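Heads up: the protein sequence lines correspond to chains A and B, in order. Residues in the first sequence are numbered consecutively from 1, following my numbering. Residues in the second sequence are numbered consecutively from 1001, following my numbering. Positions of the beta carbon are idealized from the N, C-alpha and C atoms, including for glycine. The structure displayed is predicted, hence computed values, not measured ones. To keep things clear, I will list the structure first and then write my remarks on it.
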Amino acid sequence: MELIDREDHQKLYLQLYEILKKKIESDEWTVGSQIPTEEDLCKIFNVSRVTVRSAVMELVRQGYLKRHQGKGTFVFKKAVSDGITMITSFREIPFEKGLKFSTDVLARTVMMSVDDMNIRLHVPKDKHIIYIKRLRLIENEPALLQETYIPYHICPLLLEEDVGNQSLFELFEKKYGIKITCVENHIEIVYISRDEAQVIGLSEGSPAILLNQYFYSGETLIMYTRSIKRTDKFKFFINLERKAA
Amino acid sequence: MSNSKVAKDVMIGIFEYPHVPYWFSIAQAIRIVKVSFISSKKYPDPMAILVFDEKYNLMGTLTLKDILRGLEPRFLKPSEKAQGISENESALSLIWDTLFTQGTKELAEKPVSEIMVPAKHFVEPGDPLTKAAYLMLHHDLVLLPVLENKKKFVGLVRMIEVFDEISNAIIKE
């Protein structure tokens, strides 16, 4: 059995994440089966509960595992595809020309990690994080509520920028020379909270599209964005194209 | 003290301390204190959190004492009208113990903006440390913000550096 290598520079939870992921991908843990409890995993791999929890949460986030309250954690799906590989492009249907777009910056400040944000951003819990909250309007109507989290050390000067009129993507690439090489998108339909509803102009519990995006530069995660999109303002388009042999 | 150091000579960087926005709860601030100071065994003097608004302006500071004060039930806080409650103090503190789980957890959901010490007083980078000492003494402050042109928050002056500088001047003279 593969064990944690404490001499390895990689964080323990990331090592454990890789080990557990392999168990799912190799069918050692089959779809639908219950994985060992946190306590058992601590004993098996001789690591702390925090390490186990972080690794499991990452697997939940990636869609490999699913937690059932009071029952345990189960293998949800094998996330890799053995079939043909396709190039996938995902984009929003372009808006009609002539529509007026604007952005309200609701917050641009610095915070510490809470809940699992340090795991999402791959940073230690005591690191400062830049937090930007923006409301995008189309024809002066709220359409998208976006919260962005960036490890402070990635781009401290971002705090000086006008993030209401400039794209963060462009600021990273054109001004700070941080090339974004990969964007991982996770899409869900959610029912919005009272606070979100007030800002986005819907009633509490209305369905909305939740888009979680992880922006990478090489292997470094530089930004996480959580966007709530009104279903009546956006349409999506997915194109699958077979990769050249 | 005429040739002495000024605020910018002794101030420490603002990223030496954790930052939170004003809408964070006391419970979230407690978790941050645990991670930033207690679990990591870093004990800066003072242990504090900086509270900011949504435009990243400093709103206030939060020490461990402020957090505990925020968790204290209302009935334990001295009333302005009450006089001579000292005899009942220990009895009252026992009541806090019995109510701890329910009441205190509810109080921990309050935003930190309700319990922070507002940042009303500050020094400019070029101000003498005697000014910092005066403000800290007269307003009972443990940290004093250093603002450039009354706006940009560039550092913090702590009591330990102020004390050190003033005491050096006395010892030398």
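Query, Result
"The alpha helix (DSSP H) with B/M1159 in it runs from where to where?", "1159-1172"
"Please tell me whether B/V1051 and B/I1032 are closer than 8 Å, where the distance is taken between their beta carbons.", "no"
"Taking the runs of the alpha helix (DSSP H) that are 4 residues or longer, which of them lie wholly in the region 90-175 of chain A?", "117-121"
"Beta-carbon of A/D104 versus every beta-carbon of chain B: anything under 8 Å?", "no"
"With DSSP collapsed to three states, give me the class of A/Q198.", "helix"
"Which residues in chain A have a C-beta closer than 9 Å to the C-beta of B/K1055? List them in chain order.", "V105, A107, R108, T109"
"Closer than 8 Å is the cut-off here; do at least three beta carbon pairs connect the region 191-208 of chain A with the region 139-151 of chain A?", "yes"
"From which residue to which residue does the alpha helix (DSSP H) around B/L1062 run?", "Not the alpha helix (DSSP H): B/L1062 falls in the beta strand (DSSP E), residues 1058-1063."
"Taking the C-alpha atoms as reference points, what is the distance between B/L1129 and A/L157?", "30 Å"
"Does the CB of B/P1018 have a neighbour CB from chain A at under 8 Å?", "yes"
"So, is B/G1155 buried or exposed, given that buried needs 16 or more other C-beta atoms within 10 angstroms?", "buried"
"Taking only beta-carbon atoms, is A/V114 less than 8 Å away from chain B?", "yes"
"Can you list, in chain order, the residues of its chain whose CB lies under 6 Å from that of A/V52, leaving out five sequence neighbours each side?", "E38, L41, C42"
"Quick one: is B/S1040 near chain A, going by C-beta distance under 8 Å?", "yes"
"Since B/M1153 meets chain A, which of its residues come closer than 8 Å, beta carbon to beta carbon?", "The sequence as given places Phe at residue 1153 of chain B; Met does not occur at that position. The contacting residues do not exist; B/F1153 stays about 11 Å from chain A at best."
"Per the DSSP calculation, B/A1132 is bridged to which residue(s)?", "In the DSSP output, where bridge partners are listed per residue, B/A1132 has none listed."
"Under 8 Å between beta-carbons, which chain B residues line up against A/H128? List them in chain order, please.", "F1015, P1018, H1019"
"Would you list the residues sitting across from A/P207 in a DSSP beta bridge?", "A/Y191"
"Residues in the same chain with beta-carbon distance under 6 Å from A/K11, minus the five sequence neighbours each way, listed in chain order, please.", "none"
"Classify A/N185: buried if its beta carbon has 16 or more other beta carbons within 10 angstroms, exposed otherwise.", "exposed"
"On the premise that A/T109 lies in contact with A/M223, defined as a C-beta separation below 8 Å, what is that separation, rounded to the nearest angstrom?", "Not a contact, Cβ separation roughly 16 Å."
"For A/W29, which residues of its own chain have a beta-carbon under 7 Å away from its beta-carbon, when the five flanking residues on both sides are left out?", "K23, I35, V75"
"By Cβ distance, which residues of its chain are closer than 7 Å to B/L947, with the 5 residues on each side in sequence left out?", "There is no way to answer for residue 947 of chain B, as the model of chain B reaches only from 1001 to 1173."
"Please report how far the alpha carbon of B/L1058 lies from the alpha carbon of B/A1119, in whole angstroms.", "7 Å"
"Whole angstroms are fine: how far does the CA of B/H1121 sit from the CA of B/P1145?", "7 Å"
"Listing by chain order, which chain A residues have their CB less than 7 Å from the CB of B/V1035?", "K125, D126"
"By alpha-carbon positions, which one of A/S113, A/C182, A/V31 ends up nearest to A/I129?", "A/S113"
"Alpha carbon to alpha carbon, how far is B/V1010 from B/P1073?", "38 Å"
"Does A/D82 come within less than 8 Å of chain B when only Cβ atoms are used?", "Reliability of the predicted coordinates at A/D82 is poor, the pLDDT of 40 falling under 50, and the value obtained from them is presented with this limitation in mind. Chain B, which has no Cβ nearer than 8 Å to the Cβ of A/D82, makes this no."
"Are three or more beta carbon pairs between the region 209-216 of chain A and the region 171-182 of chain A nearer than 8 Å?", "yes"
"Using CA coordinates, which residue listed in A/P124, A/Q15, A/S26, A/Y191 is at the minimum distance from B/F1040?", "A quick correction: the sequence has Ser, not Phe, at residue 1040 of chain B. Of A/P124, A/Q15, A/S26, A/Y191, the residue nearest in Cα terms is A/P124."
"Taking a contact to mean a Cβ-Cβ separation below 8 Å, would you say A/S203 touches A/Y191 in this structure?", "no"
"Chain A beta carbons: is any one of them nearer than 8 Å to that of B/R1031?", "yes"
"Roughly how far, in whole angstroms, is the beta-carbon of B/V1123 from the beta-carbon of B/A1132, given that I think they are within contact range, below 8 Å?", "5 Å"
"Between the region 159-172 of chain A and chain B, which residues of the former have CB atoms less than 9 Å from a CB of the latter, in chain order?", "L159"
"Going by DSSP, name the residue or residues bridged to B/A1037.", "The question names Ala, yet the displayed sequence has Phe at residue 1037 of chain B. The partner list for B/F1037 (beta bridge, DSSP) is empty, contrary to what the question assumes."
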